[in-house]
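Heads up: the sequence shown begins at 1 in UniProt numbering, then just goes up one per residue.
The structure appears right after this line, and notes come after that.
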Amino acid sequence: MGKKFARTPENFTCVVCGQEIKGTGYTDHCPSCLWSRHVDINPGDRKSSCQGLMEPLGVTQKKGDWRIYYKCQSCGYKHFNKTADDDNTELIIQLSSRPIKMKT
1 MGKKFARTPE
11 NFTCVVCGQE
21 IKGTGYTDHC
31 PSCLWSRHVD
41 INPGDRKSSC
51 QGLMEPLGVT
61 QKKGDWRIYY
71 KCQSCGYKHF
81 NKTADDDNTE
91 LIIQLSSRPI
101 KMKT
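Rendered as structure tokens:
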């Protein structure tokens, strides 16, 4: 069975920078510092027991969308996630100096 997205609107406080985030159901990282938490097994399901911090390591483009590449500092899990309109543009530009190549 394929991955299914579970939209889960949740507000949260970023554990890295302290920013209060109003969740939209698509929000999975802090728009201020771009850090995330390893909370999902499948997007939106909140079923991961890890709960580790996900460090933004770089960015790439796919089909015209910018994607942030994350690595969990606790378990090593890696994944990409789309940027959001309210993300910190300066940090995305900094991450673009560390481009990540996606496997095709």
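Glycine residues also receive a C-beta, built at the ideal position from the N, C-alpha and C atoms.
Residues near residue i by beta carbon distance below 8 Å, same chain, minus five either side
i: aspartate 86; result: Pro31
i: phenylalanine 5; result: Asn42, Pro43 and Gly44
i: threonine 83; result: Val59, Asp65, Trp66, Arg67, Ile68 and Ile92
Own chain, CB closer than 6 Å to residue i, minus 5 neighbours either side, in chain order
i: residue 131; result: The structure shown does not extend to residue 131, since the chain is modelled only from 1 to 104, so the question has no answer here.
i: glutamate 20; result: Thr13
i: histidine 29; result: Ser36
i: valine 39; result: Arg46 and Ser48
i: lysine 78; result: Lys71
Extent of the continuous alpha helix (DSSP H) to which residue i belongs
i: leucine 91; result: 89-95
Beta-carbon spacing of residue i, residue j below 8 Å
i: threonine 13; j: arginine 46; result: no
i: leucine 53; j: valine 15; result: yes
i: cysteine 72; j: cysteine 50; result: yes
Counted within 10 angstroms of its Cβ, other Cβ atoms place residue i as buried (16 or more) or exposed
i: methionine 1; result: Any reading at methionine 1 must be qualified, since the residue scores a pLDDT of 48, below 50, and its modelled position is unreliable; no value is offered.
i: threonine 89; result: exposed
i: threonine 104; result: Reliability fails at threonine 104, whose pLDDT of 49 lies under 50, so the model's placement of it is uncertain and no value is given.
i: cysteine 17; result: exposed
i: cysteine 75; result: exposed
Residues bridged to residue i [DSSP beta-bridge criterion]
i: serine 36; result: His29 and Met54
i: arginine 67; result: Thr60 and Lys82
i: glutamate 20; result: Thr13
i: cysteine 75; result: None, per the DSSP bridge assignment.
Neighbourhood of residue i by C-beta distance below 7 Å, restricted to the same chain and skipping five residues each side
i: glycine 25; result: Arg7, Thr8 and Pro9
i: glutamate 55; result: Trp35, Tyr70, Lys71 and Gln73
i: serine 96; result: Val59
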